[in-house]
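Taking it in order: structure first as structure tokens, then the write-up.
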Amino acid sequence: MAVLITLVLVLVLVCCGLKIGNRTDDIIAERLELTEIVELRDNFSDGTLNLQLWQITREGDFKESIIDVYDVDPTENVDFRLRLRANTIGTRDDTVKFHGVRSVEKINFSEGKEISFDLDWNNQSNGCYLTASLYLCPTVTNGNPRKEKDWLKFGYVGVPPERNARGVIAAKSDGKVKYLYTEGWPEQRTGRHIAYQRIKIILDDKNKSLKIIENGKEIYCSLSHGLEFSSAYLYLQMSSHSNYPAREIYFDNVVVASK
Ligand SMILES: [Ca+2]
Numbered sequence: 005m006a007v008l009i010t011l012v013l014v015l016v017l018v019c020c021g022l023k024i025g026n027r028t029d030d031i032i033a034e035r036l037e038l039t040e041i042v043e044l045r046d047n048f049s050d051g052t053l054n055l056q057l058w059q060i061t062r063e064g065d066f067k068e069s070i071i072d073v074y075d076v077d078p079t080e081n082v083d084f085r086l087r088l089r090a091n092t093i094g095t096r097d098d099t100v101k102f103h104g105v106r107s108v109e110k111i112n113f114s115e116g117k118e119i120s121f122d123l124d125w126n127n128q129s130n131g132c133y134l135t136a137s138l139y140l141c142p143t144v145t146n147g148n149p150r151k152e153k154d155w156l157k158f159g160y161v162g163v164p165p166e167r168n169a170r171g172v173i174a175a176k177s178d179g180k181v182k183y184l185y186t187e188g189w190p191e192q193r194t195g196r197h198i199a200y201q202r203i204k205i206i207l208d209d210k211n212k213s214l215k216i217i218e219n220g221k222e223i224y225c226s227l228s229h230g231l232e233f234s235s236a237y238l239y240l241q242m243s244s245h246s247n248y249p250a251r252e253i254y255f256d257n258v259v260v261a262s263k
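Each residue of the sequence shown is one higher than the one before, starting from 5 at the first, in our numbering.
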């Protein structure tokens, strides 16, 4: 009798195991179907700039220009991010200085893409004439992408006198810049407090829409992104006017994926 009960128990357990096994397989298959195709991903956790992914870009005179991967955590923990640091004291006051990185590879947007990244404005005590931006630009330069003929940009601009900033979305087509989103600028000049910004840019090529999500909230949606190009380099940029002491901003968790 005991042998029979044991046998039945073993049978039941084996069947349950098979069922759970099948369910696990189903879940894995489902996940695989939902898996994004990642075109570019960097969380900078290696602690150095990966030159297979990124090329440094620079234009203008700086007293100090640093583009590197930096541990921003003052404790024994590590928090590596892409650091853009500019000091422009004593530089030419008729130029704006640009620096940053661009992707080494061109990214194809014809299938629609989701670009996400984090931008830390780093609690600027004086963010005047400071900008932090992402450009998608079909042409390659190691200088300033803003000068190229075509691009789409999302970024922040410091608003005088000190701590505030505002968002900007602009597109340049055949040399003409069109502002899509300025947070009321120039009529509204107060800006707002920004800190650690989690940004998602969703380009849908089927219906040509562009959506921008900031810290989980949609701040911009257009039914037509109007981009004339379907592949582009991704540029992460900082600009500063002359005569500002060292200022740093950080980028992190850059992902470009198709859905
Ligand atoms: Ca990181």
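Just so it is clear, CB atoms sit at the ideal spot from N, CA and C, and this is done for glycine as well.
Computed from a predicted structure; not experimentally measured.
Beta-carbon proximity of residue i to residue j, cut-off 9 Å
| i | j | result |
| --- | --- | --- |
| Trp125 | Tyr239 | no |
| Glu40 | Glu118 | yes |
| Ile203 | Glu218 | yes |
| Asn91 | Pro249 | yes |
| Arg3 | Asp65 | Absent from the structure is residue 3, since the part of the chain shown begins at 5 and ends at 263. |
| Thr186 | Val163 | no |
| Val260 | Leu44 | yes |
| Phe121 | Ile216 | no |
| Leu184 | Leu231 | no |
| Lys110 | Pro142 | yes |
| Arg167 | Ser226 | no |
Start and end residues, beta strand (DSSP E) containing residue i
| i | result |
| --- | --- |
| Tyr200 | Tyr200 to Asp208 |
| Asp72 | Glu68 to Asp75 |
| Phe48 | No beta strand (DSSP E) contains Phe48, which DSSP labels as neither H nor E. |
| Asp256 | Arg251 to Ser262 |
| Phe102 | Lys101 to Ser107 |
| Leu123 | Lys117 to Asp124 |
| Phe84 | Phe84 to Asn91 |
| Lys221 | Lys221 to Ser226 |
| Gly162 | Trp155 to Gly162 |
| Gln241 | Ser235 to Ser244 |
| Gln59 | Trp58 to Glu63 |
| Val181 | Lys180 to Tyr185 |
| Leu140 | Leu134 to Cys141 |
Closest Cα partner of residue i within the set the options
| i | options | result |
| --- | --- | --- |
| Ser123 | Lys153, Thr145, Tyr160 and Arg106 | Position check: residue 123 holds Leu in this sequence, whereas Ser was assumed. Per the Cα distances, Tyr160. |
| His245 | Ile93, Arg193, Glu252 and Glu80 | Ile93 |
| Arg85 | Ile70, Lys180, Asn247 and Phe48 | Phe48 |
| Gly104 | Ile60, Gly179 and Phe121 | Ile60 |
| Thr135 | Val42, Asp178, Leu231 and Arg251 | Arg251 |
| Gly51 | Asp72, Tyr237 and Thr79 | Asp72 |
| Lys263 | Cys225, Asp208, Asn247 and Cys132 | Asp208 |
| Ser243 | Val82, Ser177, Val42 and Pro149 | Pro149 |
| Ser177 | Pro165, Leu140 and Glu80 | Leu140 |
| Ala131 | Gly220, Glu222, Gly195 and Asp256 | A small correction: the amino acid at residue 131 is Gly; Ala does not occupy that position in the sequence shown. That would be Gly195, whose Cα lies nearest to the Cα of Gly131. |
| Asp154 | Asn247, Phe233 and Asn81 | Phe233 |
| Gln241 | Glu222, Val82 and Lys151 | Lys151 |
| Asn247 | Lys67, Gly220 and Glu222 | Lys67 |
Cβ distance (whole Å) where residue i is taken to contact residue j below 8 Å
| i | j | result |
| --- | --- | --- |
| Arg87 | Tyr254 | 6 Å |
| Leu138 | Ser107 | With a Cβ gap of about 11 Å, Leu138 and Ser107 do not count as contacting. |
| Ile198 | Ala169 | 5 Å |
| Ser235 | Asn112 | 5 Å |
| Lys210 | Ser228 | Actually they are not in contact, since the Cβ atoms of Lys210 and Ser228 sit about 12 Å apart, beyond 8 Å. |
| Val144 | Tyr237 | 6 Å |
Burial state of residue i, where buried means 16 or more other Cβ atoms lie within 10 Å
| i | result |
| --- | --- |
| Tyr74 | buried |
| Lys101 | buried |
| Lys182 | exposed |
| Gln192 | exposed |
| Thr99 | exposed |
| Asp46 | buried |
| Val258 | buried |
| Ala33 | Any reading at Ala33 needs caution, since the residue's pLDDT is 49, under 50, leaving its predicted position unreliable; the model's value is listed next. The residue is exposed, with fewer than 16 neighbouring Cβ atoms inside 10 Å. |
| Ser69 | buried |
| Leu214 | buried |
| Asp256 | buried |
heavy atom of ligand 3 below 8 Å from residue i C-beta
| i | result |
| --- | --- |
| Phe233 | As for ligand 3, it is missing from this structure, which binds only ligand 1. |
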